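What follows is a short report on a single structure.
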Amino acid sequence: MHALIVIDVQNDFCPGGALAVPEGDVIVPGINALMGDFDAVILTQDWHPSGHSSFASYHGAEPMTLTEMPYGPQVLWPDHCVQGTPGAEFHSDLLTARADLIIRKGYNPAIDSYSAFFENDKTTPTGLEGYLRTRGIDTLTMVGLATDFCVNYSAVDAARLGFTVTVRQDLCRAIDFDGSLEAALEGMAQAGVALA
147 MHALIVIDVQ NDFCPGGALA VPEGDVIVPG INALMGDFDA VILTQDWHPS
197 GHSSFASYHG AEPMTLTEMP YGPQVLWPDH CVQGTPGAEF HSDLLTARAD
247 LIIRKGYNPA IDSYSAFFEN DKTTPTGLEG YLRTRGIDTL TMVGLATDFC
297 VNYSAVDAAR LGFTVTVRQD LCRAIDFDGS LEAALEGMAQ AGVALA
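Just so we're aligned: the sequence shown equals residues 147 to 342 in the numbering used here.
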C-alpha cells in the first residue's frame, strides 16, 4: 500500500503568506494530479497557537535567528499558521476533499513540530505512524513545503521508522535558509530516502 503525504501546503507558506516559500503555490496542480494514483492521501497542517514558542515575536527576537530550546537549536520564525487564521488554511486550489486523513502538528506551545511523525523533541509522536501501520501502508511519496524543513524531517523520520520513502523534488519547494536545502538533500539521501 502506497500513500501520498502532502506536507503543509498552506497559505502562510505560499507567496503572500507570513513565511512564504518561493513558488510554493506552483506545485499545487501537480500534487492534485497525483492524488488518484495512491491508496491513501494524507495532508499535514502546521497548526500553531498564537504566541507559540517557535515564533520570534514570543522571544522579542528577529525572525530567522536561532535560539536554544530544551530539545535543541530552534529557528525563530515569523508568526505563521496560527490556528483558525486564513494563513493556516490549505491553499484554496488544493483538493483537500481527496484526503483520507489530515494530521495537525505544532499545536503544543512549548515545542515546534516540523516532522509529520514527531515533534521536534524527536520522541513525541503525532500518531501518523500508527495510522499508516494499521492501514498496511509501507511506502510513502512526499510532496509539499518546505523541502528543507518539514518535508526533510518527515522523510528522514519515515525512513528511520522503516517506510520506503520517495521525495518528489519537482512537487516541493524550499526556503533554502543558510544552506539548508543542500544539507537537507544530503541528509535525506544518507537516511535512505529516494530523491526523485
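From the three backbone atoms N, C-alpha and C, an ideal C-beta is built for every residue, glycine too.
All values reported here derive from a predicted model rather than from experimental measurement.
Could you work out which residue in the options is closest to residue i when comparing CA atoms only?
{"i": "E235", "options": "N266, V311, V155", "result": "V155"}
{"i": "T345", "options": "H194, G176, V152, T280", "result": "Residue 345 lies beyond the stretch modelled for the chain, which goes from 147 to 342, so this question has no answer here."}
{"i": "V289", "options": "I283, L165, M181, A164", "result": "M181"}
{"i": "V174", "options": "P216, D225, S238", "result": "S238"}
{"i": "P271", "options": "T287, N254, T285", "result": "N254"}
{"i": "M215", "options": "A202, L307, P224", "result": "A202"}
{"i": "V341", "options": "V172, T287, E275, F263", "result": "A quick correction: the sequence has Leu, not Val, at residue 341. It is T287 whose Cα lies nearest to the Cα of L341."}
{"i": "S300", "options": "T280, R281, G273", "result": "G273"}
{"i": "N298", "options": "H198, V152, H148", "result": "V152"}
Do residue j and residue i count as a contact pair if the criterion is CB distance below 9 angstroms?
{"i": "L189", "j": "L222", "result": "no"}
{"i": "V167", "j": "R319", "result": "yes"}
{"i": "N266", "j": "G218", "result": "yes"}
{"i": "C160", "j": "L291", "result": "yes"}
Residue range of the alpha helix (DSSP H) that residue i falls in?
{"i": "G333", "result": "326-336"}
{"i": "H205", "result": "202-205"}
{"i": "E343", "result": "With the chain represented from 147 up to 342, any question about residue 343 goes unanswered, as that position is not in the structure."}
{"i": "A256", "result": "From DSSP, A256 is part of no alpha helix (DSSP H); its letter is neither H nor E."}
Quick one: what's got a C-beta closer than 6 angstroms to residue i's C-beta in the same chain, skipping five residues either side?
{"i": "G176", "result": "L317"}
{"i": "T310", "result": "T285"}
In the DSSP assignment, the beta strand (DSSP E) including residue i goes from what residue to what residue?
{"i": "I153", "result": "148-153"}
{"i": "G290", "result": "285-291"}
Please work out which residues of its chain come closer than 7 angstroms, Cβ to Cβ, to residue i, disregarding the five sequence neighbours upstream and downstream, and give them in chain order.
{"i": "V302", "result": "G333, M334, A337, V339"}
{"i": "A164", "result": "D158, P224, D225, H226, G233"}
{"i": "L327", "result": "T293, D294, A320"}
What residue ranges within the region 206-234 form continuous alpha helix (DSSP H) runs of no fewer than 4 residues, ordered along the chain? none
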